[in-house]
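*Asks:*
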Amino acid sequence: MTGLRLTEEGVSEQEFQARFGKSMHEVYGKEIEELLQLGLIESQTTSEVFAKQPRNAGPEAETSEVFRLTKRGRLLGNQVFMRFV
0 MTGLRLTEEG
10 VSEQEFQARF
20 GKSMHEVYGK
30 EIEELLQLGL
40 IESQTTSEVF
50 AKQPRNAGPE
60 AETSEVFRLT
70 KRGRLLGNQV
80 FMRFV
């Protein structure tokens, strides 16, 4: 939940899977789809994120889906976070 506040990094599907043993879609699929439709979160791949901000991840890094708050979502962050509680 707090990872959504990270405006560039967001929450990585791959990191969530490694930490909790289930995909974000398995646990929060309905909530994710609803928030995407409402324009409160957005989805990108890690390769798109790293293309905007080059870091230590080279081309060999695995591609993963990343979710983060949109500009509108940051204004309504508490409404977004309530969906994941």
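According to numbering that gives the first Met the number 0, numbering within the sequence shown proceeds without interruption in unit steps and concludes at 84. Beta carbons are placed, not taken as given, at the ideal position from N, Cα and C, and that holds for glycine.
Which residues bound the alpha helix (DSSP H) around Glu33?
*Replies:* Locating residue 33 in the sequence shown gives position 34, where the first residue counts as 1. Met23 to Gln36 is the extent of the alpha helix (DSSP H) around Glu33.
*Asks:* Beta carbon of Phe66, beta carbon of Leu5: below 8 angstroms?
*Replies:* What you label residue 66 is simply residue 67 of the sequence shown in a count that begins at 1. What you label residue 5 is simply residue 6 of the sequence shown in a count that begins at 1. No, Cβ-Cβ distance for Phe66 and Leu5 is not below 8 angstroms.
*Asks:* Identify the continuous beta strand (DSSP E) that holds Leu5 and give its terminal residues.
*Replies:* Taking the sequence shown and counting its residues from 1, one reaches residue 5 at position 6. From DSSP, Leu5 is part of no beta strand (DSSP E); its letter is neither H nor E.
*Asks:* What residues are listed by DSSP as bridge partners for Gln43?
*Replies:* Walking along the sequence shown from the start, residue 43 turns up at place 44. DSSP, once it has assigned bridges, lists Val65 as partnering Gln43.
*Asks:* Have a look at His24, Glu33 and Ser63 and flag the residue whose alpha-carbon is nearest the alpha-carbon of Met81.
*Replies:* As a first step, residue 81 is located in the sequence shown; it is residue number 82 there, counting from the start. Considering only alpha carbons, the answer is Glu33.
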